[in-house]
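Chains A and B, in that order, are what the protein sequence lines are.
In terms of the numbering used here, the first sequence opens at residue 144 and continues consecutively.
In terms of the numbering used here, the second sequence opens at residue 144 and continues consecutively.
We put the beta carbon where it would ideally sit given N, CA and C, even for glycine.
Notes follow once the structure below has been shown.
There are 2 protein chains.
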Amino acid sequence: MVNSRFSVAIHILSLIASTKNNSHALTSDFIASSVNTNPVVIRRISSQLKKAGLIVSHAGLSGYELALSPKDITLLDIYRAVQAPEDLFAIHDNPNPNCAVGKQIQSTLDDVFSSVQQAMESKLQEETLQDILDHLFS
Amino acid sequence: MVNSRFSVAIHILSLIASTKNNSHALTSDFIASSVNTNPVVIRRISSQLKKAGLIVSHAGLSGYELALSPKDITLLDIYRAVQAPEDLFAIHDNPNPNCAVGKQIQSTLDDVFSSVQQAMESKLQEETLQDILDHLFS
DNA sequence: CCCATTGTAACTATCATAGTTACAACTGTG
DNA sequence: CACAGTTGTAACTATGATAGTTACAATGGG
């Protein structure tokens with residue numbers, strides 16, 4: 144299962160997007176109380192979003208702002224910001240190379256799994272933060 | 144990341160499919176040496192495949208056989224056999240209901256995430272064990 | 001100079017996973 | 001029937017990822 148950083152990241156970005164004016168009210172403490180977690184967890188994920196160029200913030204200065212319009216932030220952007228670049232499916236390692244199946248299984252699974260992962264990522268790319276906002280406030 | 148039981152299950156089924164005759168030679172020990180793990184890990188996953196109706200085996204009698212033709216076993220069947228019925232994406236729990244975003248985020252993410260998961264599962268359903276075999280022995 | 005805040009390092013508790021040991025239950029064979 | 005070999009499972013362990021937490025340096029505004 145994909146960890147909850149992705150879902151928390153979407154929550155954070157939704158809060159930032161829906162607080163355009165008065166953005167300095169968005170402290171990590173405030174966000175943490177909405178997400179219901181520790182402020183450091185928020186700052187940690189915000190840091191990843193910042194490195195990915197999705198948000199802007201300044202040490203010592205409260206608040207976070209979007210670096211892009213919600214319609215220009217896809218869920219894939221967010222996913223990749225908080226997810227270490229890894230494959231969706233684990234493949235067991237060191238299968239027996241002296242076995243016809245063991246010898247070929249890794250490259251076979253690599254191919255098949257990456258096509259499935261591609262399907263998932265395409266779907267993530269179709270959805271933007273704006274779609275999330277529309278759904279939240281409809 | 145999806146655990147390696149899925150990849151091991153595909154490995155097991157590939158071995159069974161490619162050993163139609165002499166199926167009693169397929170002990171969990173032999174399969175384990177191809178996968179490169181402990182025989183109990185193989186028996187544990189085989190047990191799940193058996194419960195899902197994908198393979199047949201008998202206590203005390205060595206060997207495993209497919210219960211269906213490789214073209215009738217989809218990767219989704221295998222995935223569901225070894226994966227507890229769970230969502231692909233975790234959603235953080237207990238968001239603050241006194242916050243406009245916190246109140247709606249779970250149902251919003253439920254909707255969006257399940258459509259993404261659906262895309263992935265559709266792709267898994269398109270691929271069969273026969274496709275894996277074709278790839279393995281091409 | 002303070003105070004509040006961001007950014008991060010470091011530690012901890014919890015949990016899933018895979019590996020392992022052990023053993024009951026079963027089957028065919030001598 | 002006894003035995004050897006096998007499947008099926010329970011129970012335990014080691015490892016690693018995750019999220020939560022404490023602590024504190026660095027920064028900027030009042």
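Contacts of residue i in chain A (Cβ-Cβ under 9 Å)
i: residue 206 of chain B; result: Residues of chain A passing the Cβ test: none, with the nearest at roughly 16 Å.
i: residue 248 of chain B; result: 150, 153, 154, 157, 177, 178, 275, 279
i: residue 193 of chain B; result: Going along chain A, no residue has its Cβ under 9 Å from residue 193 of chain B, so there is no contact; the nearest lies around 20 Å.
Classification of residue i by the beta-carbon crowding that lies within 10 angstroms, buried from 16 upward
i: residue 203 of chain B; result: exposed
i: residue 175 of chain A; result: buried
i: residue 280 of chain B; result: exposed
i: residue 183 of chain B; result: exposed
i: residue 168 of chain A; result: exposed
i: residue 245 of chain B; result: buried
i: residue 240 of chain A; result: exposed
i: residue 227 of chain B; result: exposed
i: residue 177 of chain B; result: buried
i: residue 235 of chain A; result: buried
i: residue 189 of chain A; result: buried
i: residue 201 of chain B; result: exposed
i: residue 150 of chain B; result: buried
i: residue 250 of chain A; result: exposed
i: residue 263 of chain B; result: buried
Below-9 Å beta-carbon distance, residue i vs any chain A residue
i: residue 151 of chain B; result: yes
i: residue 145 of chain B; result: yes
i: residue 168 of chain B; result: no
i: residue 200 of chain B; result: no
i: residue 259 of chain B; result: yes
i: residue 189 of chain B; result: no
i: residue 218 of chain B; result: yes
Amino acids of chain A, ordered along the chain, whose beta-carbon sits closer than 8 Å to that of residue i
i: residue 245 of chain B; result: 154, 177, 178, 179
i: residue 238 of chain B; result: 154, 177, 178, 179
i: residue 212 of chain B; result: Per Cβ cutoff of 8 Å: no residues; residue 212 of chain B is ~18 Å from chain A at best.
Three-state secondary structure (DSSP) of residue i
i: residue 171 of chain B; result: helix
i: residue 95 of chain B; result: Residue 95 of chain B cannot be examined here, being either before or after the span of chain B that is shown, 144 to 281.
i: residue 319 of chain B; result: The displayed coordinates of chain B run from 144 to 281. Any statement about residue 319 of chain B would go beyond what the structure contains.
i: residue 149 of chain A; result: helix
i: residue 271 of chain B; result: strand
i: residue 216 of chain A; result: coil
i: residue 208 of chain B; result: strand
i: residue 198 of chain A; result: strand
i: residue 256 of chain A; result: helix
Heavy atom of the ligand ATP within 8 Å of residue i beta-carbon
i: residue 198 of chain A; result: For the structure depicted, the ligand ATP is absent and the ligand set is empty, with no information on it obtainable.
Proximal residues of chain B, C-beta to C-beta of residue i below 8 Å
i: residue 253 of chain A; result: What residue 253 of chain A touches in chain B: nothing, since even the nearest Cβ is about 10 Å away.
i: residue 230 of chain A; result: 144
i: residue 262 of chain A; result: 262, 263, 265, 266
Partner residues on chain A for residue i, Cβ-Cβ distance less than 7 Å
i: residue 172 of chain B; result: Ordered by position in chain A, no residue passes the 7 Å Cβ test against residue 172 of chain B, which lies about 12 Å from the chain.
i: residue 234 of chain B; result: 147, 150
Within-9 Å CB hit, residue i to chain B
i: residue 266 of chain A; result: yes
For the stretch 250-270 of chain A against the stretch 208-220 of chain A, are there 3 or more C-beta pairs whose distance is under 8 Å? yes
Please confirm if the stretch 229-238 of chain A is in contact with the stretch 185-203 of chain A, defined as three or more CB-CB distances below 8 Å between the two stretches. no
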